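Asks: Provided herewith is a single structure, encoded as structure tokens, for subsequent inquiry.
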Amino acid sequence: MDIDRVDVHLIRIPLHHSFRTSMGTMAEKTAVIIRLEDSDGVVGYGEAPAMPNATYTEESAFSAFQCCTRDLAPLVVGRDFTSAEALLDAVQPIRGNRFAKTGFETALWDLLGRRCGEPLSTSLGGTRTRVPVGDSLEIADSLEALLDLVDLRLSEGYRRIKLKIEPGWDRRPVEAVRQRHPDLMLTVDANAAYTLADSALFEAMDELELTMIEQPLAFDDLLDHSILQSRIRTPICLDESIRSVADTRLALHLGSTRIVNIKTGRVGGVVESRRIHDLCAANGIPVWMGGVFETGIGRSFNLAVASLANFSLPADMSPPLMYFESDLVLVPFRIVDGYVDVPTGPGAGFDVDVDRLAFYTDEHSTFTVSDPA
Ligand code: OSB
Ligand code: MG
Numbered sequence: 016m017d018i019d020r021v022d023v024h025l026i027r028i029p030l031h032h033s034f035r036t037s038m039g040t041m042a043e044k045t046a047v048i049i050r051l052e053d054s055d056g057v058v059g060y061g062e063a064p065a066m067p068n069a070t071y072t073e074e075s076a077f078s079a080f081q082c083c084t085r086d087l088a089p090l091v092v093g094r095d096f097t098s099a100e101a102l103l104d105a106v107q108p109i110r111g112n113r114f115a116k117t118g119f120e121t122a123l124w125d126l127l128g129r130r131c132g133e134p135l136s137t138s139l140g141g142t143r144t145r146v147p148v149g150d151s152l153e154i155a156d157s158l159e160a161l162l163d164l165v166d167l168r169l170s171e172g173y174r175r176i177k178l179k180i181e182p183g184w185d186r187r188p189v190e191a192v193r194q195r196h197p198d199l200m201l202t203v204d205a206n207a208a209y210t211l212a213d214s215a216l217f218e219a220m221d222e223l224e225l226t227m228i229e230q231p232l233a234f235d236d237l238l239d240h241s242i243l244q245s246r247i248r249t250p251i252c253l254d255e256s257i258r259s260v261a262d263t264r265l266a267l268h269l270g271s272t273r274i275v276n277i278k279t280g281r282v283g284g285v286v287e288s289r290r291i292h293d294l295c296a297a298n299g300i301p302v303w304m305g306g307v308f309e310t311g312i313g314r315s316f317n318l319a320v321a322s323l324a325n326f327s328l329p330a331d332m333s334p335p336l337m338y339f340e341s342d343l344v345l346v347p348f349r350i351v352d353g354y355v356d357v358p359t360g361p362g363a364g365f366d367v368d369v370d371r372l373a374f375y376t377d378e379h380s381t382f383t384v385s386d387p388a
């Protein structure tokens, strides 16, 4: 069966509240949604969950839309793919642009799963039926507001709290939360806001019994992280610096990371996520599923990947409706007792709300076999 039609949607959804991190303030949800349809009329949807600006990685949703329409769609339309690996081979001439590729790769996983009636988690060899969840808390306006939010999330059943930090919002808020919750699984995420000159701050944080310190140093660094890790007891967890299994090999070789945050979008899809998972498992390195504020479409792929055995720490998996005015799936997932169920329907296991997809689409391109460019 050939891919007869490709649709690329740039979507923009208003947030309930803006979200502040060391990368800046996110004011809207953006993504590129890919729809693939094969010659039998079977449809698959995927998400390239890139941010509004290139502040997290080099890609934004707007650059991903360009890559999807100019570079990737012409390599996919009219072709017959029997595996995600075959699609990745076809788009291999295009360098980087991992979020954009994830949109196509995940859409194909969904389509192939629907063709054979198999849930993605089963196709991947997942071993878990539900995934424990944590929340990622933005840089707050005050300590009081932060402590209240932590209390609320714990009352909702979240199993881990991650605090976003930046210079000026680090030691005090983390100490305050730790003092109030001595047994909480607590982590911090700097989104690359520090340098090795800040070593003393992280040495002092060893006292706070954090489960990990996520991406303290530059987004593209491995060497300084290995030097910092040699100075502190708390595990470093790389996020931005890990784009591929090759990056992971280098990071493990250098001792730059003791835990790895895997995000389907950041690493170029489900196949690369599984490769990183397998390499970490073979080296005794725990992994967990991060997030980039995916819609229910992207989150469902994350849930399937997080069903693999070595995803041993809670995922960033808050329901999209906590942030956005609307989600793009008909039945949003729910957190029950601090867990989210891994989808069991065919493919990624969700149904897209096509009316809402149309409503939140800002730009749209269609490719068909008769009109491949
Ligand atoms: O660094 O983990 C991050 C969101 C967008 C970009 C980067 C990050 C995040 C989060 C929230 O921390 C994760 C989520 O719930 O999707
Ligand atoms: Mg992070």
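Per this note's numbering, the sequence shown starts with residue 16, numbered consecutively.
From the three backbone atoms N, C-alpha and C, an ideal C-beta is built for every residue, glycine too.
The model shown is predicted, which means the values in this text are computed figures rather than measured ones.
Taking buried to mean at least 16 other C-beta atoms within 10 Å of its own C-beta, is Glu287 buried or exposed?
Replies: buried
Asks: Going by C-alpha distance, which of Val92, His32 and Leu223 is nearest Ile247?
Replies: Between Ile247 and the set Val92, His32 and Leu223, the nearest pair of CA atoms involves Leu223.
Asks: Could you tell me which whole beta strand (DSSP E) segments of length 3 or greater appear in the stretch 36-111?
Replies: 39-53 and 58-63
Asks: Hey, would you say the C-beta of Gly311 is under 7 Å away from at least one heavy atom of the ligand OSB?
Replies: no
Asks: Hey, is the stretch 51-62 in contact with the stretch 148-156, meaning 3+ C-beta pairs nearer than 8 Å?
Replies: no
Asks: Among Phe308, Phe348, Gln244 and Leu294, which has the Cα closest to the Cα of Ala324?
Replies: Leu294
Asks: Pick out whichever of Thr263, Gly132 and Val23 has its Cα sitting closest to the Cα of Asn298.
Replies: Thr263
Asks: Can you tell me which of His268, Pro358, Gly353 and Pro334 puts its alpha carbon nearest to the alpha carbon of Val320?
Replies: Pro358
Asks: Taking Asp331 and Gly306 to be in contact with their CB atoms under 8 Å, please state how far apart those CB atoms are, rounded to whole angstroms.
Replies: 4 Å
Asks: Any heavy atom of the ligand MG inside 7 Å of the beta-carbon of Glu229?
Replies: yes
Asks: Does the structure place the stretch 81-90 close enough to the stretch 113-120 that three or more beta carbon pairs sit under 8 Å?
Replies: yes
Asks: His379 bridges to which residues according to DSSP?
Replies: Answer is His24, bridged to His379.
Asks: What I want to know is whether the C-beta of Ser54 ends up closer than 7 Å to one or more non-hydrogen atoms of the ligand OSB.
Replies: no
Asks: What is the residue span of the beta strand (DSSP E) that Thr202 lies within?
Replies: Leu201 to Asp204
Asks: If the criterion is Cβ atoms closer than 8 Å, does the pair Asp134 and Pro361 meet it?
Replies: Position check: residue 134 holds Pro in this sequence, whereas Asp was assumed. Cβ distance < 8 Å, so Pro134 and Pro361 count as in contact.
Asks: Measuring only from the beta carbon, is Val307 closer than 7 Å to any heavy atom that is part of the ligand OSB?
Replies: Indeed, a heavy atom of the ligand OSB lies less than 7 Å from the Cβ.
Asks: For Ser380 and Asp22, what's the separation of their Cα atoms in angstroms?
Replies: 6 Å
Asks: Give every residue of the same chain whose Cβ lies closer than 6 Å to the Cβ of Gly313, excluding the five residues on either side of it in the sequence, and list them in chain order.
Replies: Glu62 and Pro64
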